[in-house]
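**Q** In my numbering, the protein residues as written are 119 to 343.
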Ligand SMILES: [Cu+2]
């Protein structure tokens with residue numbers, strides 16, 4: 119392995135009481151198979167994370183962040199955080215919104231709130247949280263809370279990189295809301311890994327209208343808002 123990857127991030131060498139310990143980066147490329155004639159425009163919604171085999175043992179810093187409610191959408195649609203982190207949901211539209219999730223590991227409901235107001239939620243348990251608005255049926259976001267510091271989201275071109283990954287065995291997770299999730303066991307050497315290529319398959323994806331926070335159909339049928 120070269121000391122400097124083709125992606126351009128340097129090999130990080132940390133001096134520990136045990137001597138020099140190298141921490142390379144892990145990087146690769148995501149592609150999504152689409153139905154014929156369709157082009158992927160949401161590669162940046164792909165989450166990639168590495169779970170050390172046996173679980174992450176260190177203390178995890180909070181990675182608090184925000185998802186705006188803007189133009190009747192959650193923006194951005196996907197955020198990855200460490201478990202225990204807070205996400206704030208500022209309402210930037212001149213009308214009411216709501217954010218709720220029925221995720222079994224941590225359901226929540228901000229109730230309805232207006233322009234310029236903000237609400238938040240702490241995502242205590244790791245897992246995928248689909249988040250909806252009880253006012254606008256099409257609004258959808260996903261928070262992915264992970265119990266590891268080794269995570270990232272792909273760029274618009276599908277490239278991704280996670281820096282400073284200690285050598286060892288990991289399960290890599292690649293998640294996309296239309297393409298599903300893939301996992302694979304990998305071994306990261308001290309010099310890091312580059313050129314990992316993964317493909318997800320969104321050809322079978324179909325939008326299904328979720329229920330409102332009461333478990334009922336939206337009054338407007340999910341089309342007009
Ligand atoms: Cu809304």
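A virtual CB, placed ideally from N, CA and C, is assigned to each residue, including glycine.
Treat the numbers as computed from the prediction; the structure is a model and nothing was measured.
Is residue 253 close to ligand 1? I mean its beta-carbon at under 7 Å from any heavy atom of the ligand.
**A** Under cutoff, so the answer is yes.
**Q** Would DSSP call residue 346 helix, strand or coil?
**A** Nothing in the structure corresponds to residue 346, since the chain is present only between 119 and 343.
**Q** Taking residue 203 as the reference, give the member of 239, 212, 177 with the closest Cα.
**A** The residue with the shortest Cα to Cα distance from residue 203 is 239.
**Q** Find the nearest neighbour of residue 209 within the set 198, 228, 200, judged by alpha-carbon distance.
**A** Closest by alpha carbon: 228.
**Q** What does a CB cutoff of less than 7 Å around residue 335 pick up in its chain, not counting 5 residues either side in sequence?
**A** Closer than 7 Å at Cβ, skipping near neighbours: 329.
**Q** Can you give me the C-alpha to C-alpha distance between residue 212 and residue 233, rounded to a whole angstrom?
**A** Cα to Cα, the separation comes out at about 5 Å.
**Q** Cβ of residue 190 versus every heavy atom of ligand 1: is any distance shorter than 7 Å?
**A** Under cutoff, so the answer is yes.
**Q** Leaving out five residues on either side along the sequence, give the residues of the same chain with a beta carbon under 6 Å from the beta carbon of residue 292.
**A** Correct list, in chain order: 166, 300, 316.
**Q** Buried or exposed for residue 305, going by 16 or more other Cβ atoms inside 10 Å?
**A** Answer is exposed; the Cβ neighbour count stays below 16.
**Q** So, helix, strand or coil for residue 163, using DSSP?
**A** Helix, per DSSP.
**Q** Name the DSSP bridge partner or partners of residue 302?
**A** In DSSP, residue 302 forms a bridge with 290.
**Q** Does the beta-carbon distance from residue 257 to residue 191 come in below 8 Å?
**A** A contact, by the Cβ cut-off of 8 Å.
**Q** Taking the runs of the beta strand (DSSP E) that are 3 residues or longer, which of them lie wholly in the stretch 176-209?
**A** Correct list: 186-188, 191-193, 196-200, 203-208.
**Q** For residue 270, which beta-bridge partners are listed by DSSP?
**A** Looking at the DSSP assignment, residue 270 forms a beta bridge with 166.
**Q** Is the beta carbon of residue 148 closer than 8 Å to that of residue 279?
**A** No.
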